[in-house]
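S.K.:
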Amino acid sequence: MQQPMMSLWLLWSGLILFIITMIAIGLVARRYAKATLEDFFLGGRRLGVVLAFFTTYATLFSAFSYFGVTGAYYTHGIGVYGWCADIALLSLLIYVFGSRLRAWGRKFGYICTGDMLADRYQSKVLAGLASIVFVIAIVPYVGAQLRGSGVLLEGFSQQAIPYWVGVVFMSAIIAVYVSFGGFRGVVWTDFVQGVTMMAILSVAMVIIVYKAAGGFGPLMTKIANQRPELLSLPGPKGVYNLRLTSSIIIMFGLCNFTLPWMVQRYYALKSARTLKYLAVIFTIGTMFIFIPNYYIAMAGRVYFPQLAAPETVYPMLISALVPTGIALIALIGMLAATGSTANSLVLTCSSILVNDLYLNCFSHVREISQKVVTNVSRLLISLVIIAAILVSFFGPPTIVGLVLNVAWPLMFQVFPTIAAALFWKRATATACIISIFVGEAIVLAIRLKWMPALFGLHMGLVGGIFAAITLIIVSLITKPLPEEHLKKFFDMFERPQVSG
Amino acid sequence: MQRVSLKGIVLWIVFIVLTVLLWYAFPYGNYGWFYFGVIPAPFAHWIFFTFVYVAFIVYIAFYYDPYRWWTEEMEEAKGRGE
Numbered sequence: 001m002q003q004p005m006m007s008l009w010l011l012w013s014g015l016i017l018f019i020i021t022m023i024a025i026g027l028v029a030r031r032y033a034k035a036t037l038e039d040f041f042l043g044g045r046r047l048g049v050v051l052a053f054f055t056t057y058a059t060l061f062s063a064f065s066y067f068g069v070t071g072a073y074y075t076h077g078i079g080v081y082g083w084c085a086d087i088a089l090l091s092l093l094i095y096v097f098g099s100r101l102r103a104w105g106r107k108f109g110y111i112c113t114g115d116m117l118a119d120r121y122q123s124k125v126l127a128g129l130a131s132i133v134f135v136i137a138i139v140p141y142v143g144a145q146l147r148g149s150g151v152l153l154e155g156f157s158q159q160a161i162p163y164w165v166g167v168v169f170m171s172a173i174i175a176v177y178v179s180f181g182g183f184r185g186v187v188w189t190d191f192v193q194g195v196t197m198m199a200i201l202s203v204a205m206v207i208i209v210y211k212a213a214g215g216f217g218p219l220m221t222k223i224a225n226q227r228p229e230l231l232s233l234p235g236p237k238g239v240y241n242l243r244l245t246s247s248i249i250i251m252f253g254l255c256n257f258t259l260p261w262m263v264q265r266y267y268a269l270k271s272a273r274t275l276k277y278l279a280v281i282f283t284i285g286t287m288f289i290f291i292p293n294y295y296i297a298m299a300g301r302v303y304f305p306q307l308a309a310p311e312t313v314y315p316m317l318i319s320a321l322v323p324t325g326i327a328l329i330a331l332i333g334m335l336a337a338t339g340s341t342a343n344s345l346v347l348t349c350s351s352i353l354v355n356d357l358y359l360n361c362f363s364h365v366r367e368i369s370q371k372v373v374t375n376v377s378r379l380l381i382s383l384v385i386i387a388a389i390l391v392s393f394f395g396p397p398t399i400v401g402l403v404l405n406v407a408w409p410l411m412f413q414v415f416p417t418i419a420a421a422l423f424w425k426r427a428t429a430t431a432c433i434i435s436i437f438v439g440e441a442i443v444l445a446i447r448l449k450w451m452p453a454l455f456g457l458h459m460g461l462v463g464g465i466f467a468a469i470t471l472i473i474v475s476l477i478t479k480p481l482p483e484e485h486l487k488k489f490f491d492m493f494e495r496p497q498v499s500g
Numbered sequence: 501m502q503r504v505s506l507k508g509i510v511l512w513i514v515f516i517v518l519t520v521l522l523w524y525a526f527p528y529g530n531y532g533w534f535y536f537g538v539i540p541a542p543f544a545h546w547i548f549f550t551f552v553y554v555a556f557i558v559y560i561a562f563y564y565d566p567y568r569w570w571t572e573e574m575e576e577a578k579g580r581g582e
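Quick note, the sequences are listed as chains A and B, same order. If you count by the numbering used here, then the first sequence holds residues 1 to 500, one letter each, in order. If you count by the numbering used here, then the second sequence holds residues 501 to 582, one letter each, in order.
Written out as structure tokens, the structure is:
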């Protein structure tokens, strides 16, 4: 039987506590900040293991993980874990790619991906193009997080708090603590939000499973008897077959090195050892999201067998089965999930606009003081949030759709360019520019059904394959970069000659 | 291209084999087969191989560590004359 809705004053008390905590962290972070771009966007490159883990964790696992993944488990069963666990693929790549990104970022003072591309390929046009792709992909992503906040508060309060209040509520909090605290504010709030997310999800899983089915064993027995196809691949609708799963795993695993907010975290790490620890811990930490989500979704299958909107299964179970106090904390945890992703995206988006587009493409403004640039960044944060609010009201309606079919496929087309920058000296700027256009064109063509998705692969991966082939062919027929210029980047990676 | 050692190539092959085992070879089938009565078999295999994977990453990053030439720990060690 469903519990009565928690009282509105209790709900608002919890929300106000959430606001005060987040803004207070932003203000404290400001006291430690210096008026430089490096400090505002990378916290002075002094990110340690614990903060690195939680900021990466809280940033990567958003409303998508809470609502989208749980809903996908509910619909498709255990096969969804296959592409969630792409993080295991990511772990080795964090070491392989992240080490180089971090080393260059530290040596040459990069703040964004665009900095690196402009310098490595000697092309501000390429950096500008990549940055435009990133901004186009990020703004709707932030909008999706704001939409998640609005829908969540509206649903939890049973329409007592209108959708627009939830959107404006989260936008205002993010604007304040990101503007004040910069990267430190984001990292510290991510720490609080990450701990909340991880703890609440596990506690909620135990309560929900025991109340819905009487324990983990009885739950699995019921699922095996009622819906056995949810326990095997490719799932009841046959969606998670080998081809789709493998293409999503490859795209998600590799795309992490294209996500500008992840690249900034590699730049910000204190040491190479921190990066190694991150690669190991992150893989294990991922299980604290995707394992509880599975059992929650299966409990949802038992308690609400035929949900019309599967993405609402987690908040519905919380509302129906979890005691009021814990439900309130769970609500804050869900808000934290949306807020922690949105804050990092907003900060990264403003850094791209300032650093990659404004400063790189209009180099005459280099003479402007760092303090003025930091203030311009704060203004741009507000503009990015306003754009995201507009998306949350007028943009596409689902979070999963935005992530899987818009944001990540768009950004993935820049991956061949970044990988070639790190590992292939022969790659040229012209080839990279053409490859990005080819990749995006393929994604658009498949999305608009002008061409079929080849071999049943995800459109993002198909675009990425064409982009990579284009990059190789055009690089080989265009003039390579000067050897002296390349030495600056690659000599540091050469193994020293052992004499004697 | 950077030079890749034979050991590096072997480790990449091991990595790919582990990936295939993790995601494709083990999870298929297994209706209603549980470990400890609560962990569905495909899930358990994924979790087990994720830990095998983690052990592999620990070996690569901390012991084999092909990048140790240019990390700043090495630079610091050089600075100390080690």
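C-beta atoms are modelled at their ideal positions from N, C-alpha and C, and glycine is treated no differently.
1. From which residue to which residue does the alpha helix (DSSP H) around Trp9 (chain A) run?
2. Would Ala427 (chain A) and Ser475 (chain A) be called neighbours here (beta carbons separated by less than 8 Å)?
3. So, helix, strand or coil for Leu457 (chain A), using DSSP?
4. Output yes if chain A places a C-beta closer than 8 Å to the C-beta of Tyr513 (chain B); else output no.
5. Residues in the region 257-286 of chain A with C-beta within 8 Å of chain B's C-beta atoms, listed in sequence order?
6. Should the region 126-142 of chain A be called in touch with the region 292-306 of chain A, which here means at least 3 C-beta pairs below 8 Å?
7. Does DSSP classify Phe290 (chain A) as helix, strand or coil?
8. Residues of chain B with CB closer than 7 Å to the CB of Ile78 (chain A), please, in chain order.
9. Taking only beta-carbon atoms, is Tyr563 (chain B) less than 8 Å away from chain A?
10. Please state the DSSP three-state secondary structure of Tyr553 (chain B).
11. Could you name the residues of the same chain whose beta carbon sits closer than 6 Å to that of Gly500 (chain A), not counting the 5 residues immediately before and after it, in chain order?
12. Name, please, each residue of chain B whose Cβ falls closer than 9 Å to the Cβ of Phe455 (chain A).
13. Taking 8 Å as the threshold (C-beta atoms), are Ala279 (chain A) and Ile94 (chain A) in contact?
14. Would you list, in chain order, the members of the region 68-92 of chain A that have their beta-carbon closer than 7 Å to a beta-carbon of chain B?
15. Check the Cβ of Tyr57 (chain A) against every Cβ in chain B and list those closer than 8 Å, keeping chain order.
16. Under 7 Å Cβ-Cβ, which residues of chain A neighbour Ile516 (chain B)?
17. Would you say Thr245 (chain A) and Gly463 (chain A) are within 8 Å of each other, going by their C-beta atoms?
18. Please work out which residues of its chain come closer than 7 Å, Cβ to Cβ, to Gly148 (chain A), disregarding the five sequence neighbours upstream and downstream, and give them in chain order.
19. On the CB-based measure, 16 or more other CB atoms within 10 Å of its CB, does Phe134 (chain A) come out buried or exposed?
20. I'd like to know whether the C-beta atoms of Trp570 (chain B) and Met492 (chain A) end up nearer to each other than 8 Å.
21. Quick one: using the 10 Å Cβ neighbour count with 16 as the cut-off for buried, is Met1 (chain A) buried or exposed?
22. Per the contact definition of three or more C-beta pairs closer than 8 Å, is the region 261-275 of chain A in contact with the region 188-200 of chain A?
23. The alpha helix (DSSP H) with Trp104 (chain A) in it runs from where to where?
24. Along the region 91-109 of chain A, what residues have a CB closer than 7 Å to any CB found in chain B?
25. What does a CB cutoff of less than 6 Å around Val302 (chain A) pick up in its chain, not counting 5 residues either side in sequence?
26. Going by the DSSP bridge assignment, what does Tyr535 (chain B) pair with across the sheet?
27. Over the uninterrupted alpha helix (DSSP H) stretch that includes Ala268 (chain A), give me the two end residues.
28. Decide if Ser171 (chain A) is buried, meaning its Cβ has at least 16 other Cβ atoms within 10 Å, or exposed.
29. Quick check: what's the CA-CA separation for Leu359 (chain A) versus Gly109 (chain A)?
30. In three-state DSSP terms, what is Leu347 (chain A)?
31. Please compile the residues from chain A whose C-beta is within a distance smaller than 7 Å of the C-beta of Val558 (chain B).
32. Using a Cβ cut-off of 8 Å (strictly closer), state whether Ser232 (chain A) contacts chain B.
33. Using DSSP with H/G/I as helix, E/B as strand and the rest coil, what is Met501 (chain B)?
34. Any idea if Ile343 (chain A) is buried or exposed, counting beta-carbon neighbours within 10 angstroms, 16 or more meaning buried?
35. Would Val187 (chain A) be called buried (16 or more neighbouring beta carbons within 10 Å of its own) or exposed?
36. Establish whether the CB of Trp508 (chain B) and some CB of chain A are separated by less than 8 Å.
M.R.: Let me lay it out:
1. Counted from its first residue, the first sequence places residue 9 (chain A) at position 9. For Trp9 (chain A), the enclosing alpha helix (DSSP H) stretches over residues Leu8 to Tyr32.
2. In the first sequence, counting from the first residue as 1, residue 427 (chain A) sits at position 427. In the first sequence, counting from the first residue as 1, residue 475 (chain A) sits at position 475. For Ala427 (chain A) and Ser475 (chain A), yes; Cβs fall inside 8 Å.
3. Looking up residue 457 (chain A) in the first sequence gives position 457. Three-state DSSP puts Leu457 (chain A) in coil, outside helix and strand.
4. The sequence position of residue 513 (chain B) within the second sequence is 13, counting from 1. In the sequence under discussion, the amino acid at residue 513 (chain B) is Ile, which differs from the Tyr named in the question. No - not a single Cβ of chain A is within 8 Å of the one on Ile513 (chain B).
5. Answer set for the region 257-286 of chain A: Ser271, Ala272, Arg273, Lys276, Ala279, Val280, Thr283 and Ile284.
6. Short answer: they don't touch.
7. Residue 290 (chain A) sits at position 290 when you count from the first residue of the first sequence. In the structure shown, Phe290 (chain A) sits in a helix (DSSP, three-state: H, G or I).
8. Your numbering for residue 78 (chain A) matches position 78 in the first sequence. Simply Pro540, Pro542 and Phe543.
9. Residue 563 (chain B) sits at position 63 when you count from the first residue of the second sequence. Chain A has no Cβ within less than 8 Å of the Cβ of Tyr563 (chain B).
10. What you label residue 553 (chain B) is simply residue 53 of the second sequence in a count that begins at 1. Note: Tyr553 (chain B) maps to helix in three-state DSSP.
11. Numbered from its first residue, the first sequence carries residue 500 (chain A) at position 500. Note on Gly500 (chain A): pLDDT 44, under 50, position unreliable in the model; no value is reported.
12. As a first step, residue 455 (chain A) is located in the first sequence; it is residue number 455 there, counting from the start. Simply none; closest approach about 16 Å.
13. Reading the first sequence from its first residue, position 94 is the one you call residue 94 (chain A). Reading the first sequence from its first residue, position 279 is the one you call residue 279 (chain A). In terms of Cβ geometry, Ile94 (chain A) and Ala279 (chain A) form a close pair [threshold 8 Å].
14. Taking 7 Å as the Cβ-Cβ cut-off against chain B, the residues of the region 68-92 of chain A that qualify are Ile78, Tyr81, Gly82, Ala85, Ala88, Leu89, Ser91 and Leu92.
15. On the first sequence, residue 57 (chain A) is found 57 positions in, with the first residue counted as 1. Under the 8 Å cutoff, chain B gives no residues; its nearest Cβ is about 16 Å from Tyr57 (chain A).
16. The residue labelled residue 516 (chain B) in the question sits at position 16 within the second sequence. Against Ile516 (chain B), chain A offers no close residue; the least beta-carbon distance is about 10 Å (beta-carbon pairs closer than 7 Å).
17. Stepping through the first sequence from its first residue, residue 245 (chain A) is reached at position 245. Stepping through the first sequence from its first residue, residue 463 (chain A) is reached at position 463. No, Cβ-Cβ distance for Thr245 (chain A) and Gly463 (chain A) is not below 8 Å.
18. As a working note, residue 148 (chain A) is residue 148 in the first sequence. The residues are Ala63, Phe67, Thr338 and Ile399.
19. Numbered from 1 along the first sequence, position 134 holds the residue referred to as residue 134 (chain A). Result: buried.
20. In the second sequence, residue 570 (chain B) corresponds to position 70, counting from 1. In the first sequence, residue 492 (chain A) corresponds to position 492, counting from 1. A Cβ-Cβ contact shorter than 8 Å links Trp570 (chain B) with Met492 (chain A).
21. Residue numbering aside, residue 1 (chain A) sits at position 1 when the first sequence is read from its first letter. Note that Met1 (chain A) scores a pLDDT of 45, beneath 50, so its modelled location is shaky; the value from the coordinates is reported in the next line. Under this definition Met1 (chain A) is an exposed residue.
22. With a cut-off of 8 Å, the region 261-275 of chain A and the region 188-200 of chain A do not count as touching, because too few Cβ pairs lie within range.
23. Looking up residue 104 (chain A) in the first sequence gives position 104. Run containing Trp104 (chain A): Asp86 to Phe108, per the alpha helix (DSSP H) assignment.
24. Under the 7 Å Cβ criterion, the region 91-109 of chain A contributes Ser91, Leu92, Tyr95, Ser99 and Ala103.
25. Within the first sequence, residue 302 (chain A) is the residue found at index 302, counting from 1. Correct list, in chain order: Ala212, Ala213 and Lys222.
26. For the purposes of this step, residue 535 (chain B) is taken as the residue at position 35 of the second sequence. Answer is B:Ile539, bridged to Tyr535 (chain B).
27. Position 268 of the first sequence holds residue 268 (chain A). Run containing Ala268 (chain A): Pro260 to Ala268, per the alpha helix (DSSP H) assignment.
28. The sequence position of residue 171 (chain A) within the first sequence is 171, counting from 1. Answer is buried; the Cβ neighbour count reaches 16.
29. Within the first sequence, residue 359 (chain A) is the residue found at index 359, counting from 1. Within the first sequence, residue 109 (chain A) is the residue found at index 109, counting from 1. Leu359 (chain A) and Gly109 (chain A) have their alpha carbons spaced roughly 14 Å apart.
30. Residue 347 (chain A) sits at position 347 when you count from the first residue of the first sequence. In the structure shown, Leu347 (chain A) sits in a helix (DSSP, three-state: H, G or I).
31. What you label residue 558 (chain B) is simply residue 58 of the second sequence in a count that begins at 1. Here the neighbours are Val280.
32. One-based indexing of the first sequence puts residue 232 (chain A) at position 232. Chain B has a Cβ within less than 8 Å of the Cβ of Ser232 (chain A).
33. As a working note, residue 501 (chain B) is residue 1 in the second sequence. Any answer about Met501 (chain B) is weak, because its pLDDT of 49 lies below 50 and its placement is not dependable; what the coordinates show is given next. Judged by DSSP in its simplified three-state form, Met501 (chain B) adopts coil rather than helix or strand.
34. As a position in the first sequence, residue 343 (chain A) is number 343, starting the count at 1. Note that residue 343 (chain A) is Asn in the sequence shown here, rather than Ile. Around the C-beta of Asn343 (chain A), 16 or more other C-beta atoms lie within 10 Å, and the residue is accordingly described as buried.
35. The residue given as residue 187 (chain A) occupies position 187 in the first sequence. With 16 or more Cβ atoms within 10 Å of its Cβ, Val187 (chain A) is classed as buried.
36. Locating residue 508 (chain B) in the second sequence gives position 8, where the first residue counts as 1. This sequence places Gly at residue 508 (chain B); Trp is not what is there. No, Gly508 (chain B) lies away from the interface with chain A (no Cβ there is under 8 Å from its Cβ).
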